[in-house]
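Trainee: In this note's numbering, the protein residues as written are 21 to 335.
Heads up, the beta-carbon is just placed ideally off N, CA and C, and yes, glycines get one too.
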Amino acid sequence: MTNDILVEVKDLKKYFSIGNGVQLKAVDGVSFSIRRGETLGLVGESGCGKSTLGRTIIRLYEKTGGEVLVDGKDIHALKGKEVAQFNRNVQMIFQDPMASLNPRMTVADIIAEGLDIHGLNRKNRKERVEELLELVGLNKGHASRFPHEFSGGQRQRIGIARALAVEPKFIIADEPISALDVSIQAQVVNLLEDLQRDQGLTYLFIAHDLSMVKHISNRIAVMYLGKMVELAESFELYESPLHPYTEALLSAIPIPDPTIKRERIILSGDLPSPANAPSGCVFRTRCPKAMPECAESAPVWKEAKPDHWVACHLY
Ligand code: SF4
Numbered sequence: 021m022t023n024d025i026l027v028e029v030k031d032l033k034k035y036f037s038i039g040n041g042v043q044l045k046a047v048d049g050v051s052f053s054i055r056r057g058e059t060l061g062l063v064g065e066s067g068c069g070k071s072t073l074g075r076t077i078i079r080l081y082e083k084t085g086g087e088v089l090v091d092g093k094d095i096h097a098l099k100g101k102e103v104a105q106f107n108r109n110v111q112m113i114f115q116d117p118m119a120s121l122n123p124r125m126t127v128a129d130i131i132a133e134g135l136d137i138h139g140l141n142r143k144n145r146k147e148r149v150e151e152l153l154e155l156v157g158l159n160k161g162h163a164s165r166f167p168h169e170f171s172g173g174q175r176q177r178i179g180i181a182r183a184l185a186v187e188p189k190f191i192i193a194d195e196p197i198s199a200l201d202v203s204i205q206a207q208v209v210n211l212l213e214d215l216q217r218d219q220g221l222t223y224l225f226i227a228h229d230l231s232m233v234k235h236i237s238n239r240i241a242v243m244y245l246g247k248m249v250e251l252a253e254s255f256e257l258y259e260s261p262l263h264p265y266t267e268a269l270l271s272a273i274p275i276p277d278p279t280i281k282r283e284r285i286i287l288s289g290d291l292p293s294p295a296n297a298p299s300g301c302v303f304r305t306r307c308p309k310a311m312p313e314c315a316e317s318a319p320v321w322k323e324a325k326p327d328h329w330v331a332c333h334l335y
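#1: Just to confirm, does H333 get its C-beta within under 7 Å of one of the non-hydrogen atoms of the ligand SF4?
#2: Between the beta-carbon of A46 and the beta-carbon of G246, is there less than 8 Å?
#3: Given the structure, does M248 come close to the ligand SF4, in the sense that its CB is under 7 Å from one of the ligand's heavy atoms?
#4: Could you pull out every residue in the same chain whose Cβ sits closer than 7 Å to the Cβ of L121, ignoring the five residues on either side in sequence?
#5: Could you check which residue in L251, G100 and I113 has the C-alpha nearest to that of S53?
#6: Suppose the cutoff is 8 Å on Cβ atoms and the five residues either side in sequence are ignored; what does the same chain contact list for R384 look like?
#7: Per DSSP, what kind of secondary structure is L62 in: helix, strand or coil?
#8: Using a Cβ-based criterion (distance less than 7 Å to any ligand heavy atom), does C301 qualify as near the ligand NAD?
#9: Looking at the ligand SF4, does it come within less than 7 Å of C68, judged from the CB to the closest heavy atom?
#10: Any heavy atom of the ligand SF4 within a distance shorter than 7 Å of the CB on H328?
#11: Which residue marks the beginning of the beta strand (DSSP E) containing M243, and which one marks its end?
#12: Would you kindly report the start and end of the unbroken alpha helix (DSSP H) that includes Y258?
#13: Would you say A310 touches the ligand SF4, meaning its beta carbon is less than 7 Å from a heavy atom?
#14: Go ahead and label D136 buried or exposed: buried means 16 or more other beta carbons lie within 10 angstroms of its beta carbon, across all protein chains shown.
#15: Short check: CB of L262 to CB of V320, under 8 Å?
#16: Compute every distance between the C-beta of P319 and the non-hydrogen atoms of the ligand SF4, then say whether any falls below 7 Å.
#17: Quick check: is any heavy atom of the ligand SF4 less than 7 Å from the C-beta of H263?
#18: Can you tell me where the alpha helix (DSSP H) holding F106 begins and where it ends?
#19: Thinking C-alpha only, which one of Y244, P278 and A324 is nearest H228?
#20: Taking 8 Å as the threshold, find out whether the stretch 27 to 37 comes into contact with the stretch 80 to 88 through three or more Cβ pairs.
#21: Using only the heavy atoms of the ligand SF4, determine whether one of them is closer than 7 Å to the beta carbon of R304.
#22: Only counting runs of 3 or more residues, tell me where the beta strand (DSSP E) segments fall wholly within the stretch 137 to 209, in order along the chain.
#23: Relative to the C-alpha of I286, which residue among D277, V27, P308 and R304 is closest?
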C-alpha cells in the first residue's frame, strides 16, 4: 500500500442472516481505496449497502469477509490500545443530527464525550469545547444548551464538532446533509470543505444522489445492490460515465441551462432485494443494455481507463 493511501478496502463483505438460512448480502465483495486528504463520494439508492459499508469500515459492524486497512493496519484485527487509537482516528457524522445527539446531554457534554472517553484535554475541557463550537460556526453560549434548542443545520454542526473533538484523520459522513433544508446543505458542505483544507481530513461522503456529492468529492464511487459498479474522478464520472446505472443516475439530475436537453433514462422495476439478488450482473433486471451473458456471469471489477473503475460486461 503506497503512503498516499489512507484507507484500503479489499473484497469486503457484510452479510446479515434474516432467518431460514437466508443471507442478506448488504455489501458483497467491494474493493477500493481512499487517498489521504481526499473526499470520496459514495452514491446509491436506499438499500444499496452504502451505509452498511460505512459502518463496517468504522467497525460498527463486524465484517463477514475481506479486509479494511487504515494506515496499513487491518482494522478488524486490532487489539487493546490500537482499538482506542482507531476509535480516535476514525469518526462518523450521521444523517439525522437529532437522533444522533443525546437529548438529555448538554452540547458541551456531547462534544466533550470523546475527550472524556479518551482522557484528552481534562484540564482544558471547557476551552476545547468552546474552540470547537467556534470552529463549526456556533458560539460558546451554545455549550450549556440542549439539542432540541437548535435548528437541523445547527445540530449537524454540533455533530461535526463532536466528530472533530478527538482530532480524527478520517471521517465517514453518512448522508450528513440529506435531512437538512436545501438552503442549509451548502453551508454544511462548505464547512466540511473548510475543515478538510485546514485540518487535512480525509472523507468518505455518503449520499443518495449524485448531485449532492458533485461539489465536495474528488472521486465518486457508485454502489448498486451491495456491489460497487463504478469509481472515477468526479469530472470524469460526470462527463464520461461508463456504467449504465451511473448513466441513469446522471440523467435524473436537472441541468440548470434550459438550452441543454438531456434524455432521462427511466429504469424499469424496483431495486431487487439483496436477499435475492439476480444471477450474473445484479443490475441486469433493470439495465437497458443487458445482454444474454449478463445473466450468466458477474462482471469483473476492472480499471477500464486510467483511474476509472467499472464492473460491466461492456468494458
Ligand atoms: Fe448492463 Fe450487462 Fe453491464 Fe450489467 S453487465 S450493467 S446488465 S450491460
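Mentor: So, from the listed chains and residues:
#1: yes
#2: G246 is positioned such that its CB atom lies closer than 8 Å to that of A46.
#3: False, no ligand heavy atom lies under 7 Å from that Cβ.
#4: I130, P167, R175, I178 and G179
#5: L251
#6: The structure shown does not extend to residue 384, since the chain is modelled only from 21 to 335, so the question has no answer here.
#7: Strand, per DSSP.
#8: The ligand NAD is absent from the structure shown, which contains only the ligand SF4.
#9: no
#10: no
#11: R239 to Y244
#12: S254 to E259
#13: yes
#14: exposed
#15: no
#16: P319: yes, Cβ under 7 Å from the ligand SF4.
#17: Set against 7 Å, the gap from the CB of H263 to the closest heavy atom of the ligand SF4 is smaller.
#18: K101 to N109
#19: Closest in alpha carbon position to H228, among Y244, P278 and A324, is Y244.
#20: yes
#21: At least one heavy atom of the ligand SF4 is nearer than 7 Å to the Cβ of R304, so yes.
#22: 190 to 194
#23: P308
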